[in-house]
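The opening residue of the sequence shown carries number 5 in our numbering; numbering runs sequentially from there.
We put the beta carbon where it would ideally sit given N, CA and C, even for glycine.
A short worksheet on the structure shown next.
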Amino acid sequence: MKLSPYTLDLSNSQLRKSGSLFLKGPIKFDWICSNIPDPTSRLVLVSQAFMDMEGKSEISLSQKIWKAADISGKDARHRALQNLRSGVSGYEVILRPGRASELKKRS
(Lines of atoms letter the chains of each structure in order from A; the text may use other names.)
(Lines give C-alpha, C1' and ligand atoms only; values in the text may rest on other atoms or scores of the structure.)
Protein backbone atom coordinates (compact mmCIF):
# COMPACT_ATOMS: atom_id res chain seq x y z
CA MET A 5 0.00 0.00 0.00
CA LYS A 6 1.41 3.34 -1.02
CA LEU A 7 0.70 6.43 1.07
CA SER A 8 -0.14 9.78 -0.42
CA PRO A 9 2.43 12.61 -0.26
CA TYR A 10 0.13 14.49 2.14
CA THR A 11 0.05 11.54 4.54
CA LEU A 12 3.83 11.13 4.36
CA ASP A 13 4.36 14.84 5.10
CA LEU A 14 1.95 14.67 8.02
CA SER A 15 3.68 11.59 9.41
CA ASN A 16 7.14 13.18 9.10
CA SER A 17 5.87 16.35 10.76
CA GLN A 18 4.50 14.36 13.70
CA LEU A 19 7.79 12.49 14.09
CA ARG A 20 9.77 15.76 14.19
CA LYS A 21 7.43 17.18 16.84
CA SER A 22 7.59 14.06 19.01
CA GLY A 23 11.40 14.31 19.09
CA SER A 24 11.14 17.54 21.07
CA LEU A 25 8.83 16.08 23.73
CA PHE A 26 10.25 15.30 27.14
CA LEU A 27 9.54 13.02 30.04
CA LYS A 28 8.51 14.68 33.26
CA GLY A 29 9.22 12.93 36.54
CA PRO A 30 9.63 12.20 39.22
CA ILE A 31 11.54 9.12 38.15
CA LYS A 32 13.67 7.85 40.98
CA PHE A 33 17.17 6.48 40.53
CA ASP A 34 16.03 3.27 42.25
CA TRP A 35 13.48 2.76 39.47
CA ILE A 36 16.14 3.37 36.80
CA CYS A 37 18.51 0.87 38.45
CA SER A 38 15.87 -1.84 38.76
CA ASN A 39 14.35 -1.41 35.28
CA ILE A 40 17.29 -0.50 33.02
CA PRO A 41 19.60 -3.53 32.85
CA ASP A 42 22.41 -1.95 30.82
CA PRO A 43 24.95 -0.13 33.04
CA THR A 44 25.92 2.31 30.26
CA SER A 45 22.30 3.34 29.75
CA ARG A 46 21.86 3.83 33.49
CA LEU A 47 25.00 5.96 33.60
CA VAL A 48 23.75 8.18 30.77
CA LEU A 49 20.29 8.59 32.34
CA VAL A 50 21.63 9.36 35.81
CA SER A 51 24.36 11.68 34.51
CA GLN A 52 21.88 13.56 32.33
CA ALA A 53 19.56 13.94 35.33
CA PHE A 54 22.39 15.46 37.40
CA MET A 55 23.34 17.75 34.49
CA ASP A 56 19.72 18.91 34.24
CA MET A 57 19.50 19.49 38.01
CA GLU A 58 22.69 21.56 37.96
CA GLY A 59 21.89 23.31 34.66
CA LYS A 60 25.19 22.24 33.09
CA SER A 61 26.18 20.41 29.92
CA GLU A 62 29.01 18.49 31.58
CA ILE A 63 29.50 16.68 34.84
CA SER A 64 32.30 15.02 36.74
CA LEU A 65 31.61 11.31 37.16
CA SER A 66 32.03 11.28 40.92
CA GLN A 67 31.22 8.43 43.29
CA LYS A 68 27.78 9.97 43.82
CA ILE A 69 26.89 9.40 40.16
CA TRP A 70 28.34 5.88 40.00
CA LYS A 71 26.39 4.91 43.13
CA ALA A 72 23.16 6.47 41.82
CA ALA A 73 23.62 4.45 38.59
CA ASP A 74 24.36 1.32 40.67
CA ILE A 75 27.70 0.70 38.97
CA SER A 76 30.30 -0.54 41.41
CA GLY A 77 33.78 -1.80 40.85
CA LYS A 78 36.62 -0.48 38.77
CA ASP A 79 36.06 -2.98 35.93
CA ALA A 80 32.35 -2.19 35.61
CA ARG A 81 33.07 1.54 35.53
CA HIS A 82 35.78 1.02 32.92
CA ARG A 83 33.43 -1.04 30.70
CA ALA A 84 30.67 1.56 31.02
CA LEU A 85 33.05 4.36 30.02
CA GLN A 86 34.40 2.29 27.13
CA ASN A 87 30.85 1.63 25.88
CA LEU A 88 30.01 5.31 26.26
CA ARG A 89 33.00 6.32 24.15
CA SER A 90 32.32 3.82 21.39
CA GLY A 91 28.57 3.41 21.22
CA VAL A 92 26.74 6.48 22.53
CA SER A 93 26.41 9.51 20.30
CA GLY A 94 25.81 12.94 21.75
CA TYR A 95 28.20 12.54 24.69
CA GLU A 96 31.95 12.81 25.07
CA VAL A 97 34.00 11.19 27.83
CA ILE A 98 36.96 13.25 29.00
CA LEU A 99 39.50 11.12 30.83
CA ARG A 100 41.44 12.90 33.55
CA PRO A 101 44.21 10.68 34.98
CA GLY A 102 44.20 10.70 38.76
CA ARG A 103 40.80 12.43 38.84
CA ALA A 104 37.19 11.54 38.05
CA SER A 105 36.37 11.35 34.36
CA GLU A 106 34.02 13.94 32.95
CA LEU A 107 30.96 13.43 30.77
CA LYS A 108 30.14 16.23 28.38
CA LYS A 109 27.02 16.56 26.27
CA ARG A 110 27.73 17.54 22.69
CA SER A 111 25.62 20.28 21.17
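Kindly indicate the opening and closing residues of the beta strand (DSSP E) around residue i.
i	result
Ser90	Element bounds for Ser90: not the beta strand (DSSP E) but the alpha helix (DSSP H), 78-91.
Ile63	62-64
Going by DSSP, name the residue or residues bridged to residue i.
i	result
Ile3	A question about residue 3 goes unanswered here, because the residues of the chain that appear run from 5 up to 111.
On the DSSP letters alone, give me the boundaries of the alpha helix (DSSP H) that residue i sits inside.
i	result
Ile36	33-39
Phe54	43-58
Ile69	67-72
Here's the rule I'm using: 16 or more other beta-carbon atoms within 10 Å means buried, otherwise exposed. How should residue i be labelled?
i	result
Arg110	exposed
Arg89	exposed
With distance defined between alpha-carbon atoms, name the residue in the options nearest to residue i.
i	options	result
Glu96	Ile31, Gln86, Leu107, Gly102	Leu107
Gln67	Leu12, Ala104, Leu27	Ala104
My output table needs one value for residue i: the three-state DSSP class, helix, strand or coil.
i	result
Ser17	helix
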